[in-house]
Each structure stands twice: as structure tokens, then as C-alpha cells.
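Worksheet for the structure shown next.
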Amino acid sequence: MLKILAIGASNSKESINKKFAGYTANLIENAEVTIVDLNDYPLPIYGIDLEQEKGIPENARKFSEQIKNADGIILSLAEHNSNFSSVFKNLTDWISRMEGKTWQEKTIFLLSTSPGGRGGASAMQIALGSFPYAGAQISSHFSLPKFYENFTDSGISDSELNSKYLEAVATFQKSISK
Ligand SMILES: Cc1cc2nc3c(=O)[nH]c(=O)nc-3n(C[C@H](O)[C@H](O)[C@H](O)COP(=O)(O)O)c2cc1C
Numbered sequence: 698m699l700k701i702l703a704i705g706a707s708n709s710k711e712s713i714n715k716k717f718a719g720y721t722a723n724l725i726e727n728a729e730v731t732i733v734d735l736n737d738y739p740l741p742i743y744g745i746d747l748e749q750e751k752g753i754p755e756n757a758r759k760f761s762e763q764i765k766n767a768d769g770i771i772l773s774l775a776e777h778n779s780n781f782s783s784v785f786k787n788l789t790d791w792i793s794r795m796e797g798k799t800w801q802e803k804t805i806f807l808l809s810t811s812p813g814g815r816g817g818a819s820a821m822q823i824a825l826g827s828f829p830y831a832g833a834q835i836s837s838h839f840s841l842p843k844f845y846e847n848f849t850d851s852g853i854s855d856s857e858l859n860s861k862y863l864e865a866v867a868t869f870q871k872s873i874s875k
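Numbering (our numbering), first residue to last: 698 to 875.
This is the structure we're talking about:
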């Protein structure tokens, strides 16, 4: 079985990104899925002084261990002010201070969604530009606009968006099944 980590890059209890990442992970064949809630990894705001005084917090180490144990990662980015959510940026800042690269050469399927018409496209662009430097092997990516209009319990209702999405899912499946 392939171990898939599904992450919504948000701390919202009803995160649409967590929902989207989890839904997508359940489409992957031959997979054992772990859905991660960032609220289970509370961390202080990163600061060099805090790091020097107290070291890297246990929750950052635990999260990095989850990445290490995964065969593939499905990460859906929330967008706040055209950027990552603070909680996700903070988490990656802490992990980046550990040895090795944050994403540990793992295959990652990047998603983003928002209620608005751009579907988190700015956060997606930031991740596409920066994650490869942090050891991410990005297999495919997809942004879903207008989540509440385009997503139902049975998936993406817009057929054009759905075929692009399913193509991205298939590319990820192929990359992790090699
Ligand atoms: C502080 C703040 C800033 C936001 N900025 C953006 C933005 O720049 N672009 C966008 O598409 N949505 C923005 N939103 C709306 C989020 O996309 C929306 O809250 C979404 O549900 C976040 O995903 P989540 O449910 O996974 O947390 C913002 C929301 C908040 C609270």
C-alpha cells in the first residue's frame, strides 16, 4: 500500500482545502491515507531568538516525520492575501531549520482552492516557484476556483475543470506508483 499524506494548508476547522486534499487522496488507488490537520501541530511563531533559546519544537519534528514516512503528499493551499496562510508558512519556516530539505524529495500533488474566482492561484504560483528548492518533486498541480459552486460530495461538477483535475490526479498516481 502507498502511504499518502493529505494536508490542507490552513487552520480553519472547516477548511475547504483540507476537504479537497482528503477527497483527492481517497481517489488514489492502492493507498493508505492520512489526513493531517494543522491544528494538531500547534507551534509558536518562528523567530531566530526563540530557536536559539529553545531549539526546534517537537511538533515541527513530528510533522517532518510525517513527511518522511509518506510515499506521496497531496497538499492543498489556502490563500490569504495572495500568499500562504500564516499557519502553513510558520510550519514550513520551522521545518526548514531542521537538517535536510523540508519536502525530502517527496512526490507532491499541489492543489489550491478558495471561494473566489482564482482558486488560490497566487499561493499556487508561490509554491510552484519555491517548493522545488525545498526538495519537492511536484508531479502535478490544479487550482479549483469557486469551491462552493464547483465542488460537491461527488467531486467537481464543472466538466471542463473536472477533466483537468482528473488528468492531474492520474499524473500523480503514475508518479507514485513507479
Ligand atoms: C485573512 C484572509 C485573507 C484572505 N485572502 C484571500 C486571497 O488573497 N485570495 C483568495 O482567493 N481568498 C482569500 N481569502 C479567502 C480564503 O480563500 C477562504 O477563507 C478559504 O476558505 C480559505 O481556505 P480554508 O477554508 O482551507 O481555510 C482570505 C481569507 C482570509 C481570512
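Idealized CB from N, CA, C, for every residue including glycine.
Nonlocal neighbours in the same chain, by C-beta distance under 6 Å from residue 771, ignoring five residues either side: Taking the sequence shown and counting its residues from 1, the one referred to as residue 771 is at position 74. So the list reads 703, 718, 721, 722 and 806, once near-sequence residues are dropped.
Keeping to the same chain, check which residues put their C-beta closer than 8 Å to that of residue 812; ignore five residues upstream and five downstream. What you label residue 812 is simply residue 115 of the sequence shown in a count that begins at 1. For residue 812, where only same-chain residues beyond five positions count, the Cβ hits under 8 Å are 713, 843, 844 and 845.
Under a criterion of Cβ closer than 5 Å to any non-hydrogen atom of ligand 1, which residues qualify, in chain order? Chain-ordered list of matching residues: 707, 709, 712, 713, 714, 775, 776, 777, 778, 779, 811 and 813.
For residue 757, tell me which candidate among 795, 732 and 776 has the shortest Cα-Cα distance. In the sequence shown, the residue the question calls residue 757 occupies position 60. Ranked by how close their Cα comes to the Cα of residue 757, the residues 795, 732 and 776 have 795 in first place.
Taking only runs that begin and end inside the segment 760–832, name each unbroken beta strand (DSSP E) of 3 or more residues, in chain order. Uninterrupted beta strand (DSSP E) stretches at least 3 residues long and entirely within the segment 760–832 occur at 769–774 and 804–810, given in chain order.
Secondary structure of residue 702, DSSP reduced to three states: Counting from one through the sequence shown, the residue named residue 702 turns up at place 5. Looking at residue 702 - three-state DSSP - the assignment turns out to be strand.
Can you find the residues in the same chain that come closer than 8 Å, C-beta to C-beta, to residue 861, ignoring five residues on each side of it along the sequence? Working through the sequence shown from its first residue, we reach residue 861 at position 164. Excluding sequence neighbours, residue 861 sits near 839.
Nearest CA to the CA of residue 847: which residue from 810, 837, 868 and 763? As a position in the sequence shown, residue 847 is number 150, starting the count at 1. The residue with the shortest Cα to Cα distance from residue 847 is 810.
Cα-Cα separation, residue 866 to residue 724: Counted from its first residue, the sequence shown places residue 866 at position 169. Counted from its first residue, the sequence shown places residue 724 at position 27. Cα-Cα distance, rounded: 8 Å.
7 Å CB neighbourhood of residue 753 in its chain, flanking five on each side removed: The residue labelled residue 753 in the question sits at position 56 within the sequence shown. Excluding its 5 nearest sequence neighbours in each direction, residue 753 has C-beta neighbours in its own chain below 7 Å: 791, 794 and 795, listed in chain order.
Among all the DSSP beta bridges, which residues are the ones paired with residue 852? Taking the first residue of the sequence shown as position 1, residue 852 is located at position 155. The partner list for residue 852 (beta bridge, DSSP) reads 849.
In chain order, what residues of the same chain lie with their CB nearer than 8 Å to the CB of residue 741, ignoring the 5 residues before and after it? To locate residue 741, count along the sequence shown from 1; it is residue 44. Cβ within range, chain order: 747 and 754.
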